[in-house]
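Chemist: Submitted below is the structure of interest, expressed as structure tokens.
There are 2 protein chains.
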Amino acid sequence: MSAATETTGWAEATIASLLARGHRNSGARRAVVELLGRQRCCLTAQEIFDQLRAGGRRVGIASVYRVLEQLSKDGYVQRIDIGAGTTRFEPIYAGGEHHHHHLVCDDCGKVEAFADDQLERALLQVEGRTGYSVAGHDVVLRGACRECAPRTRTSS
Amino acid sequence: MSAATETTGWAEATIASLLARGHRNSGARRAVVELLGRQRCCLTAQEIFDQLRAGGRRVGIASVYRVLEQLSKDGYVQRIDIGAGTTRFEPIYAGGEHHHHHLVCDDCGKVEAFADDQLERALLQVEGRTGYSVAGHDVVLRGACRECAPRTRTSS
DNA sequence: ATGCGTGCAAATGTTTTGCATTTTG
DNA sequence: CAAAATGCAAAACATTTGCACGCAT
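Sequence order for the protein chains is Y and G.
Quick note on numbering: the first sequence equals residues 1 to 156 in this note's numbering.
Quick note on numbering: the second sequence equals residues 157 to 312 in this note's numbering.
This is how it looks when you write it as structure tokens:
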């Protein structure tokens, strides 16, 4: 409720919410949540799995998917479909803090985050006109990044 | 070249462009292009495959993917990642005609199109600020549609 | 006839499911 | 101790690739 939605705060708040909902506080889930809370941008399930393993934690990739599915369904993480065949995940901060969208380089595959208030306002307005009860939105800009742009080939 | 970018026109123009590029005018590709040209909104590769088969055409799903890959690479169709694990495809009309984005019902899975000029303007502005050479963008609004919204359950 | 484009089948990669076992409350 | 979570392996999907053959040019 406070304005103190720190990078670390998300993981703690999420674990607390899960406990409050009657879930147990055990290994894999906590590990995934804490890892996500430490990240700056979106990760794939495989990346999460690899990092946990690299950190010595013995988890199954199925658990990673199960935790992500649950967190996503309950609104703690957002699924991001950059379009490379794998879904990415990132924390959703309370109060819309750190809300952002993504910029993908078609050439080198790099993913960056960006935020823009005017874009958010435009989205909010459209959302009101749709007739849907809009729960969230996703914006992906695709193109060539600063390094790749100069030598982008147009065809083939 | 004319302003006559009709629903039918896209398929014809696309086939013509392909011929001009030295490609052959043969079975599967033509079938996929014509089917896409007849559709109102985005389709999955599987849906395209099924519809072609249902229409008596003997195509392989690999060809469908190959054609879609080529059309997408050459800028004739757009890949859409709604986020359900499968990519969708739809025609890109010349001159940005019929440019739109998508509205997805989390409950029943329905996908609708919407367009909004102000949103496009906001996107254009952000795109200029990114430092990327932005080639395209994707916006997906997720929520509950008119039929599903009234009985949406908040949790589990 | 030449070779691009195709269909089929097998390979690849991602995500999900079944089940026995461990862990938490 | 009972129920929830987990890890592993297998299954289910989505997409890509290898290859021999057929069809436009």
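Beta carbons: idealized from backbone N, C-alpha and C, even for Gly.
Quick caveat, the model's predicted, so the values are computed rather than measured.
1. Taking only beta-carbon atoms, is G/V295 less than 8 angstroms away from chain Y?
2. Below 7 angstroms on C-beta distance, what does Y/E127 contact in chain G?
3. Please list the partners that Y/L119 has in chain G, where partner means a Cβ-to-Cβ separation under 9 angstroms.
4. Anything in chain G within Cβ reach of Y/T130, meaning under 7 angstroms, just list it in chain order.
5. From Y/L103 to G/G284, what distance separates their C-alpha atoms?
6. Within the same chain, show all residues whose beta-carbon is closer than 7 angstroms to that of G/K266, passing over the 5 residues directly before and after it, in chain order.
7. For chain G, is any of its Cβ atoms less than 8 angstroms away from the one on Y/G22?
8. Does DSSP classify Y/T154 as helix, strand or coil?
9. Under 8 angstroms, do Y/Y132 and G/L279 count as touching if we go by C-beta distance?
10. For the stretch 187-254 of chain G, which segments carrying the alpha helix (DSSP H) assignment without a break, of at least 4 residues, lie completely within its bounds, in sequence order?
11. Quick one: does Y/A62 have its CB under 8 angstroms from some CB of chain G?
12. Give a yes or no on whether the C-beta atoms belonging to G/V215 and G/F205 are separated by under 8 angstroms.
13. For G/D263, which residues from the same chain have a beta carbon less than 6 angstroms from its beta carbon, with the 5 sequence-adjacent residues on both sides left out?
14. What do you reckon, is the C-beta of Y/R24 under 7 angstroms from a heavy atom of the ligand MN?
15. Which residue wins for smallest C-alpha separation from G/L191, given the options G/H257, G/D230, G/T242 and G/V220?
16. Under 8 angstroms, Cβ to Cβ, is there at least one residue of chain G near Y/D50?
17. Which bits of chain Y does G/G252 rub up against, with CB to CB less than 9 angstroms?
18. Compare the C-beta of Y/V67 against all C-beta atoms of chain G and say whether one is closer than 8 angstroms.
19. What does a CB cutoff of less than 7 angstroms around G/A187 pick up in its chain, not counting 5 residues either side in sequence?
20. If you drop the 5 nearest sequence neighbours on each side, which residues of the same chain put their C-beta closer than 8 angstroms to that of Y/N25?
21. Taking 6 angstroms as the limit between beta carbons, can you name the residues of its chain near G/E268, skipping five residues before and five after?
22. So, under 8 angstroms CB-CB, Y/G83 and G/T243 are touching, yes? Tell me the CB distance rounded to an integer number of Å.
23. Give the straight-line distance between the Cα atoms of Y/V139 and Y/F89, rounded to the nearest whole angstrom.
24. Per DSSP, Y/R142 is paired with what?
25. Hey, quick one: how far does the alpha helix (DSSP H) through Y/A149 stretch, first residue to last?
26. Would Y/D116 pass as a contact of G/V282 if the rule is Cβ separation under 8 angstroms?
27. Along chain Y, in chain order, which residues have C-beta atoms closer than 9 angstroms to that of G/T200?
28. Taking only beta-carbon positions, decide if Y/C41 is within less than 8 angstroms of chain G.
29. Could you pull the start and end residues of the beta strand (DSSP E) that G/A278 belongs to?
Modeler: Result, derived from the coordinates:
1. yes
2. L297
3. L275, A278, L279, Q281 and V282
4. L259, F270 and L297
5. 12 angstroms
6. C301
7. no
8. The pLDDT assigned to Y/T154 is 46, lower than 50, so where the model puts this residue is not dependable; a value taken from the coordinates is nonetheless given after this. Coil at Y/T154, not helix or strand.
9. no
10. 201-210 and 217-229
11. no
12. yes
13. A300 and C304
14. Absence of the ligand MN from the depicted structure is noted, as is the absence of any ligand whatsoever, leaving it without description.
15. G/V220
16. no
17. In chain order: nothing, as chain Y lies at least about 16 angstroms away.
18. no
19. L208, R213 and V215
20. I15, L18 and L19
21. L259
22. 7 angstroms
23. 14 angstroms
24. Y/V104 and G/G292
25. Where Y/A149 is concerned, there is no enclosing alpha helix (DSSP H), given that its DSSP letter is neither H nor E.
26. yes
27. Per Cβ cutoff of 9 angstroms: no residues; G/T200 is ~14 angstroms from chain Y at best.
28. no
29. Per DSSP, G/A278 belongs to no beta strand (DSSP E); it is in the alpha helix (DSSP H), D273 to R285.
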